[in-house]
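All letters in the sequence shown, in the order written, are residues 992 to 1153 by this note's numbering.
Every residue, glycine too, gets a C-beta built ideally from N, C-alpha and C.
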Amino acid sequence: MAEGIPVVRMYTDDSGHTRFAKMKIPVEKKTGLGSVGMFSSLFLNENIQDNTGDLKTQFALTPVPDNLKGEGPKLAHTAPRRQLVLTLSGCLEFKSCGVVEEDTEHKVIIRRGDILLAEDLEGEGHVWQFVEAQDGRLYPWVRCYIHLGEEYDHFISQLEPI
992 MAEGIPVVRM YTDDSGHTRF AKMKIPVEKK TGLGSVGMFS SLFLNENIQD NTGDLKTQFA
1052 LTPVPDNLKG EGPKLAHTAP RRQLVLTLSG CLEFKSCGVV EEDTEHKVII RRGDILLAED
1112 LEGEGHVWQF VEAQDGRLYP WVRCYIHLGE EYDHFISQLE PI
(Lines of atoms letter the chains of each structure in order from A and count residues from 1; the text may use other names and numbers.)
(Lines give C-alpha, C1' and ligand atoms only; values in the text may rest on other atoms or scores of the structure.)
Protein backbone atom coordinates (compact mmCIF):
# COMPACT_ATOMS: atom_id res chain seq x y z
CA MET A 1 0.00 0.00 0.00
CA ALA A 2 1.34 3.43 -0.94
CA GLU A 3 2.04 5.89 1.85
CA GLY A 4 -0.43 8.61 2.67
CA ILE A 5 -1.74 11.05 5.24
CA PRO A 6 -4.98 9.81 6.88
CA VAL A 7 -8.16 11.86 6.45
CA VAL A 8 -11.60 11.11 7.85
CA ARG A 9 -14.18 12.07 5.20
CA MET A 10 -17.54 13.23 6.65
CA TYR A 11 -20.17 13.39 3.93
CA THR A 12 -23.91 13.06 3.28
CA ASP A 13 -25.05 9.79 1.73
CA ASP A 14 -28.02 9.34 -0.65
CA SER A 15 -30.40 8.81 2.30
CA GLY A 16 -29.46 12.20 3.81
CA HIS A 17 -27.36 10.79 6.67
CA THR A 18 -23.84 11.80 7.59
CA ARG A 19 -21.25 9.08 7.04
CA PHE A 20 -17.57 8.77 7.88
CA ALA A 21 -14.97 7.07 5.67
CA LYS A 22 -11.27 6.60 6.28
CA MET A 23 -9.28 7.91 3.33
CA LYS A 24 -5.73 9.07 2.68
CA ILE A 25 -3.93 11.81 0.82
CA PRO A 26 -1.26 10.11 -1.31
CA VAL A 27 2.27 11.42 -0.81
CA GLU A 28 5.53 10.90 -2.65
CA LYS A 29 9.13 11.53 -1.77
CA LYS A 30 10.54 14.91 -2.79
CA THR A 31 13.95 16.47 -2.33
CA GLY A 32 15.59 19.70 -3.38
CA LEU A 33 14.93 23.40 -2.75
CA GLY A 34 14.56 22.72 0.99
CA SER A 35 11.96 20.00 0.41
CA VAL A 36 12.75 16.80 2.29
CA GLY A 37 10.20 14.13 3.04
CA MET A 38 6.85 13.05 1.69
CA PHE A 39 4.56 15.60 -0.01
CA SER A 40 1.09 15.52 -1.54
CA SER A 41 0.28 17.10 -4.87
CA LEU A 42 -0.37 20.85 -4.77
CA PHE A 43 -4.07 21.61 -4.34
CA LEU A 44 -4.88 24.49 -6.60
CA ASN A 45 -7.69 26.08 -8.49
CA GLU A 46 -7.60 24.35 -11.87
CA ASN A 47 -8.97 27.51 -13.49
CA ILE A 48 -5.85 29.43 -12.45
CA GLN A 49 -3.22 26.69 -13.00
CA ASP A 50 -0.89 28.12 -10.37
CA ASN A 51 -0.83 28.79 -6.64
CA THR A 52 -1.98 32.43 -6.64
CA GLY A 53 -5.46 31.77 -5.22
CA ASP A 54 -6.27 32.66 -1.64
CA LEU A 55 -7.07 29.80 0.71
CA LYS A 56 -9.19 30.89 3.67
CA THR A 57 -7.91 29.64 7.02
CA GLN A 58 -9.45 30.07 10.47
CA PHE A 59 -8.51 28.85 13.96
CA ALA A 60 -10.97 27.97 16.74
CA LEU A 61 -10.88 26.87 20.39
CA THR A 62 -13.70 25.24 22.33
CA PRO A 63 -12.91 24.88 26.05
CA VAL A 64 -13.68 21.70 27.98
CA PRO A 65 -17.16 22.04 29.50
CA ASP A 66 -17.48 22.84 33.20
CA ASN A 67 -19.30 19.60 34.01
CA LEU A 68 -16.16 17.62 33.02
CA LYS A 69 -18.32 14.79 31.64
CA GLY A 70 -17.46 15.56 28.05
CA GLU A 71 -20.82 16.99 27.09
CA GLY A 72 -20.33 19.07 23.99
CA PRO A 73 -22.79 20.80 21.72
CA LYS A 74 -25.84 18.62 21.10
CA LEU A 75 -27.17 20.82 18.32
CA ALA A 76 -27.34 18.75 15.16
CA HIS A 77 -25.78 20.60 12.26
CA THR A 78 -24.21 20.17 8.88
CA ALA A 79 -20.87 21.57 7.77
CA PRO A 80 -21.15 25.25 6.79
CA ARG A 81 -18.84 24.75 3.80
CA ARG A 82 -16.47 22.18 2.38
CA GLN A 83 -13.47 22.43 4.66
CA LEU A 84 -10.60 20.59 6.24
CA VAL A 85 -10.62 20.56 10.05
CA LEU A 86 -7.15 19.96 11.49
CA THR A 87 -7.41 19.02 15.18
CA LEU A 88 -4.45 20.45 17.08
CA SER A 89 -5.72 19.52 20.57
CA GLY A 90 -8.65 17.59 21.94
CA CYS A 91 -10.42 14.29 21.47
CA LEU A 92 -13.99 14.20 20.16
CA GLU A 93 -16.64 11.72 19.16
CA PHE A 94 -18.65 12.63 16.04
CA LYS A 95 -21.94 10.85 15.33
CA SER A 96 -24.38 10.84 12.43
CA CYS A 97 -27.88 12.08 13.25
CA GLY A 98 -31.01 10.09 12.50
CA VAL A 99 -29.41 6.65 12.30
CA VAL A 100 -29.82 3.70 14.65
CA GLU A 101 -26.52 1.97 13.86
CA GLU A 102 -23.32 3.24 15.45
CA ASP A 103 -20.81 1.54 13.19
CA THR A 104 -17.59 3.04 11.82
CA GLU A 105 -19.53 4.74 9.02
CA HIS A 106 -21.78 6.57 11.48
CA LYS A 107 -19.45 7.29 14.42
CA VAL A 108 -15.79 8.30 14.59
CA ILE A 109 -13.27 9.49 17.18
CA ILE A 110 -11.19 12.51 16.13
CA ARG A 111 -7.91 13.02 18.01
CA ARG A 112 -5.06 15.52 18.06
CA GLY A 113 -3.37 15.40 14.68
CA ASP A 114 -6.39 14.06 12.78
CA ILE A 115 -7.69 15.68 9.61
CA LEU A 116 -11.44 15.75 9.02
CA LEU A 117 -12.80 16.61 5.58
CA ALA A 118 -16.18 18.16 6.44
CA GLU A 119 -18.49 18.03 3.44
CA ASP A 120 -21.87 16.96 4.85
CA LEU A 121 -23.51 20.17 3.62
CA GLU A 122 -27.07 18.86 3.66
CA GLY A 123 -29.15 16.13 5.27
CA GLU A 124 -29.61 15.38 8.96
CA GLY A 125 -26.07 16.35 9.92
CA HIS A 126 -23.94 15.35 12.88
CA VAL A 127 -23.31 16.03 16.57
CA TRP A 128 -20.10 15.84 18.56
CA GLN A 129 -18.95 15.63 22.16
CA PHE A 130 -15.67 15.66 24.07
CA VAL A 131 -14.27 12.24 24.99
CA GLU A 132 -11.24 11.31 27.07
CA ALA A 133 -7.86 11.20 25.37
CA GLN A 134 -5.63 8.14 25.77
CA ASP A 135 -4.32 9.55 29.06
CA GLY A 136 -7.88 9.74 30.48
CA ARG A 137 -8.08 13.55 30.36
CA LEU A 138 -10.32 15.96 28.47
CA TYR A 139 -8.60 18.67 26.44
CA PRO A 140 -9.92 21.83 24.78
CA TRP A 141 -10.66 21.40 21.09
CA VAL A 142 -8.16 23.57 19.22
CA ARG A 143 -8.51 23.36 15.48
CA CYS A 144 -7.66 24.97 12.19
CA TYR A 145 -10.26 25.23 9.43
CA ILE A 146 -9.07 25.35 5.84
CA HIS A 147 -11.98 26.39 3.66
CA LEU A 148 -11.99 24.58 0.33
CA GLY A 149 -13.40 26.53 -2.57
CA GLU A 150 -12.40 25.85 -6.14
CA GLU A 151 -9.67 23.53 -4.77
CA TYR A 152 -12.26 21.03 -3.50
CA ASP A 153 -12.69 19.04 -6.72
CA HIS A 154 -8.96 18.56 -7.13
CA PHE A 155 -8.52 17.67 -3.44
CA ILE A 156 -11.30 15.07 -3.41
CA SER A 157 -10.04 13.53 -6.66
CA GLN A 158 -6.71 12.79 -4.96
CA LEU A 159 -8.12 10.86 -1.97
CA GLU A 160 -7.80 7.09 -1.83
CA PRO A 161 -9.52 4.60 0.50
CA ILE A 162 -7.43 3.17 3.30
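(message) Is the separation between the beta-carbon of Val1018 and that of Leu1107 shorter than 7 Å?
(response) Taking the sequence shown and counting its residues from 1, the one referred to as residue 1018 is at position 27. Taking the sequence shown and counting its residues from 1, the one referred to as residue 1107 is at position 116. No, Cβ-Cβ distance for Val1018 and Leu1107 is not below 7 Å.
(message) Cutting at 7 Å between CB atoms, please list the residues of its own chain near Gly995, excluding the five before and the five after it.
(response) On the sequence shown, residue 995 is found 4 positions in, with the first residue counted as 1. Result list for Gly995: Lys1015, Ile1016, Pro1017, Val1018, Glu1151, in chain order.
(request) Please classify Phe1050: is it buried, with 16 or more other beta-carbons within 10 angstroms of its beta-carbon, or exposed? (result) Counting from 1 along the sequence shown, the entry for residue 1050 is found at position 59. By the neighbour-count rule (16 or more Cβ atoms within 10 Å), Phe1050 is not buried but exposed.
(message) Using the three-state DSSP reduction, which class does Ser1006 fall into: helix, strand or coil?
(response) Numbered from its first residue, the sequence shown carries residue 1006 at position 15. Ser1006: coil per DSSP, three-state reduction.
(request) Please state if the CB of Ser1080 and the CB of Val1133 are separated by a distance shorter than 7 Å. (result) Here residue 1133 refers to the residue found at position 142 when the sequence shown is read from its first residue. Here residue 1080 refers to the residue found at position 89 when the sequence shown is read from its first residue. In this structure, Ser1080 lies closer than 7 Å to Val1133 by Cβ.
(message) Suppose you measure from the CA of Gln1125 to the CA of His1145; what does that come to, to the nearest Å?
(response) Counted from its first residue, the sequence shown places residue 1125 at position 134. Counted from its first residue, the sequence shown places residue 1145 at position 154. So the alpha carbons of these two residues sit roughly 35 Å apart.
(request) Measure the alpha-carbon distance for His1117 versus Lys1098 and round it to whole angstroms. (result) For this step, residue 1117 is matched to residue 126 along the sequence shown. For this step, residue 1098 is matched to residue 107 along the sequence shown. Each residue's alpha carbon lies about 9 Å from the other.
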